[in-house]
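Numbering (this note's numbering), first residue to last: 1206 to 1377.
Built from N, CA and C at the ideal position, the CB exists for glycine as well.
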């Protein structure tokens, strides 16, 4: 029987309702890639939500631009999101991106291959989402996984909601 979410209104569970992951301590010690973020980015974002300032234009309404280990934008037509990964594995490594696009959304990663050579420890990539259908929708889910072809993989969940019109209930 399908898993149901807890709450007053019963619904089928989705990735927002599931647990995070199965913990594997051996793999956690050697993750290969991490999505590192300077704590000052969180402070800046928080301060911008309290009262917009001159340097807040890149953050207002765009939490999805923080270098988090997930991506969850609202999608009208097209959205581009940037992420930076840090190589904490072997000095020389090549990672191939594998995309599982959310239903009704085209998803492209550029570059789709990241090469780390001796001396380079971080790489920035962009993910572009384009709505295939102009329908006010619910969240659909996918993922982006970076594989090095050996024993490292770094997966982040994707949650996209197609939005045609803002409703008071959506933004209050």
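Problem set entry | residue 1331 - containing beta strand (DSSP E), residue span | Position 126 of the chain shown, counted from the start, is the residue given in the question as residue 1331. Segment 1327-1336, the beta strand (DSSP E) holding residue 1331.
Problem set entry | Cutoff 8 Å; reference residue 1323; Cβ partners in own chain excluding five residues on either side | Stepping through the chain shown from its first residue, residue 1323 is reached at position 118. For residue 1323, where only same-chain residues beyond five positions count, the Cβ hits under 8 Å are 1296 and 1297.
For this session: Taking 9 Å as the cut-off, decide whether the C-beta atoms of residue 1278 and residue 1346 are in contact.
Result: One-based indexing of the chain shown puts residue 1278 at position 73. One-based indexing of the chain shown puts residue 1346 at position 141. The answer is no: Cβ separation not under 9 Å.
Problem set entry | Proximity to residue 1301 [Cα-Cα], best of 1362, 1358 and 1208 | On the chain shown, residue 1301 is found 96 positions in, with the first residue counted as 1. The candidate whose alpha carbon is nearest that of residue 1301 is 1358.
Exercise. Can you name, in chain order, every residue of its own chain whose Cβ lies under 8 Å from the Cβ of residue 1208, other than the five neighbours on each side?
Worked result: Working through the chain shown from its first residue, we reach residue 1208 at position 3. Scanning its chain for C-beta atoms nearer than 8 Å, with the 5 sequence neighbours on each side dropped, one finds around residue 1208 the residues 1217, 1218, 1222 and 1223, in chain order.
For this session: Out of 1336, 1271, 1317 and 1286, state which residue places its alpha-carbon closest to the alpha-carbon of residue 1243.
Result: What you label residue 1243 is simply residue 38 of the chain shown in a count that begins at 1. The option with the nearest alpha carbon to residue 1243 is 1271.
Problem set entry | Alpha-carbon to alpha-carbon, residue 1360 and residue 1378 | Because the chain is modelled from 1206 through 1377, residue 1378 falls outside the range shown and cannot be assessed.
Exercise. Are the beta-carbon atoms of residue 1369 and residue 1332 separated by less than 9 Å?
Worked result: By 1-based counting over the chain shown, the position of residue 1369 is 164. By 1-based counting over the chain shown, the position of residue 1332 is 127. Not closer than 9 Å, so no.
Exercise. Helix, strand or coil: how does DSSP classify residue 1255 here?
Worked result: For the purposes of this step, residue 1255 is taken as residue 50 along the chain shown, with counting starting at 1. Helix.
For this session: With a cut-off of 8 Å on the beta carbons, I'd call residue 1353 and residue 1299 a contact; round off their distance for me.
Result: Within the chain shown, numbered from 1, the residue matching residue 1353 stands at position 148. Within the chain shown, numbered from 1, the residue matching residue 1299 stands at position 94. Sure, about 7 Å apart at Cβ, within 8 Å.
For this session: Tell me whether the beta-carbon of residue 1326 lies closer than 9 Å to the beta-carbon of residue 1274.
Result: Within the chain shown, residue 1326 is the residue found at index 121, counting from 1. Within the chain shown, residue 1274 is the residue found at index 69, counting from 1. For residue 1326 and residue 1274, no; Cβs fall outside 9 Å.
Problem set entry | C-alpha gap between residue 1239 and residue 1338, whole angstroms | Your numbering for residue 1239 matches position 34 in the chain shown. Your numbering for residue 1338 matches position 133 in the chain shown. Their backbone Cα atoms lie some 33 Å apart in a straight line.
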